[in-house]
Amino acid sequence: MIFSDPPPTFTRSQVDNLLRSVQNQAALLSKLDSDLGKSREYLAKVVKLKDESWGAAEEMLYTSEEALEKTGGWVEDSTYTA
């Protein structure tokens, strides 16, 4: 036995309503995409600035003790007594 559904039929007003609904959803998605693009750009700039400032702190953290002594970054240990 073969079952076959009859082809759907739509009225012109149903098609028009569906088209209007799809166009509204497309406009909302376009606005959302634009807003996300702005946020993405902002976040990319913030991350870049944070990475650049972290680089300076990281450089200071991993600078050799000898280099710091030459620049006066560390006080010589010999001045302190235990």
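In this text, residue positions in the sequence shown follow the numbering used here: the first is -19, and each later residue adds one. Beta carbons: idealized from backbone N, C-alpha and C, even for Gly. Just so it is clear, the structure is predicted and the values come from calculations on it, not from any experiment.
Coarse secondary structure for S10, derived from DSSP in three states:
helix
Comparing the C-beta of F(-17) with each C-beta of chain D, is any distance below 8 Å?
Among the protein chains of the structure shown there is no chain D, as only one such chain exists.
Can you list, in chain order, the residues of its chain with a C-beta nearer than 7 Å to that of V26? Leave out the 5 residues immediately preceding and following it.
none
For S1, which residues in the same chain have their Cβ closer than 8 Å to its Cβ, ignoring the five residues on either side in sequence?
none
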